[in-house]
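There are 2 protein chains.
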Amino acid sequence: MPLSLENRPEPPYYAVIFTSLRSSSDSDEYSQLARRMVELASQQPGYLGMTSFRNPDGLGVTISYWADWAAIANWRTHAEHRLAQKQGREKLYEEFRIEVCRVEDHSAYKRAPND
Amino acid sequence: MPLSLENRPEPPYYAVIFTSLRSSSDSDEYSQLARRMVELASQQPGYLGMTSFRNPDGLGVTISYWADWAAIANWRTHAEHRLAQKQGREKLYEEFRIEVCRVEDHSAYKRAPND
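Chains as they are written, first to last, in the numbering used here: chain A, 1 to 115; chain B, 116 to 230.
Laid out in structure tokens, this is it:
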């Protein structure tokens with residue numbers, strides 16, 4: 001159930017919205033690095049989850065969720081993540097935007113099985 | 116420049132992260148309603164922007180941006196939007212999650228033309 005609130009604490013918690021436009025750089029290299037970053041992020045203290053989406057035109061978004069500001073600061077400055085950020089700026093992305101958010105409220109809906 | 120901060124005020128502003136799993140309902144009907152909701156949302160006071168993404172497996176996210184809580188409350192209870200929400204629950208989505216966020220910080224990067 002990817003959309004349940006099971007893995008979420010009660011608000012407030014935190015979300016980082018990373019919106020990006022991929023460059024035409026090597027797709028395998030990108031996928032490998034992206035997978036490694038998901039793996040690494042999920043091992044960090046305060047990690048709550050991550051979802052990624054990309055449209056056919058190359059525009060995508062990754063939203064990562066964190067328990068508190070300290071967890072975000074820790075992840076932002078993680079050595080291997082910093083190297084990946086450098087690769088991102090140098091060749092993987094044409095542009096990107098980062099928005100750091102405090103989640104104040106949430107709700108979820110799931111269709112009943114017999115609907 | 117879809118990822119610039121040109122159309123954003125200085126933080127804080129607000130974001131609604133709507134993550135959804137589409138049902139196997141009619142795709143044209145869905146697209147038409149989605150387009151209408153973008154059009155309608157963009158006419159509301161305090162609207163700052165909207166981005167949508169959907170993966171091939173049907174999981175997607177729409178992030179809408181708003182100037183303040185009042186703008187979100189106004190949009191949430193807009194009559195035509197409420198009808199669309201009803202259609203969403205009744206047939207367009209298998210499940211969804213809504214997270215209402217206060218954007219506390221942002222930054223953007225754009226590769227220089229000669230890079």
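Ideal placement from N, C-alpha and C gives every residue a C-beta, glycine not left out.
Since we're looking at a predicted model, the values are computed, not measured.
Query: At 7 Å on the CB atoms, spell out the chain B contacts of A:N74, in chain order.; Result: Ordered by position in chain B, no residue passes the 7 Å Cβ test against A:N74, which lies about 16 Å from the chain.
Query: Is the CB-CB distance between A:L116 and A:E95 below 7 Å?; Result: Any question about residue 116 of chain A goes unanswered here, given that chain A covers just 1 to 115.
Query: List the residues that DSSP assigns as beta-bridge partners of A:E29.; Result: According to DSSP, which records beta bridges pairwise, A:E29 is partnered with nothing at all.
Query: Identify the contact partners of A:K110 in chain B, using a Cβ-Cβ distance below 8 Å as the criterion.; Result: E209, E210
Query: Quick check on DSSP: helix, strand or coil for B:H221?; Result: strand
Query: Kindly indicate if chain B contains any beta-carbon less than 7 Å away from that of A:N55.; Result: yes
Query: According to DSSP, A:V100 sits in a beta bridge with which residue or residues?; Result: A:V16, B:D220
Query: Using three-state DSSP, classify A:E95 as helix, strand or coil.; Result: strand
Query: To the nearest angstrom, how far is it from the Cα of A:Y109 to the Cα of B:G203?; Result: 10 Å
Query: Are the C-beta of B:A82 and some C-beta of chain A separated by less than 7 Å?; Result: Past the boundaries of the shown model lies residue 82 of chain B; chain B is included only from 116 to 230, so the question cannot be answered.
Query: Mind listing the chain A neighbours of B:D220? Cutoff is C-beta to C-beta under 7 Å, in chain order.; Result: V100
Query: Run down chain A in chain order and give the residues with a C-beta less than 8 Å from the C-beta of B:V176.; Result: T51, F53, V61, I63
Query: Could you give the first and the last residue of the continuous alpha helix (DSSP H) run that contains A:R82?; Result: 79-87
Query: Within a Cβ cutoff of 6 Å, which residues of the same chain sit near B:I132, ignoring the five residues on either side of it in sequence?; Result: I178, E214
Query: Tell me which residues share the same chain as A:L40 and place their Cβ nearer than 8 Å to its Cβ, disregarding the 5 neighbours each side in the sequence.; Result: H78, E80, H81
Query: Spatial neighbours of A:T19 within its chain, please: C-beta separation below 6 Å, excluding the five flanking residues on both sides.; Result: V61, R97
Query: Got a sec, what are the start and stop residues for the alpha helix (DSSP H) B:R169 sits in?; Result: From DSSP, B:R169 is part of no alpha helix (DSSP H) but of the beta strand (DSSP E) over 162-169.
Query: Provide the residue span of the alpha helix (DSSP H) that contains A:N74, from first to last.; Result: 69-76
Query: Where do the ends of the beta strand (DSSP E) carrying A:S23 lie?; Result: From DSSP, A:S23 is part of no beta strand (DSSP E); its letter is neither H nor E.
Query: Could you give the residue range of the beta strand (DSSP E) that holds A:S64?; Result: 59-66
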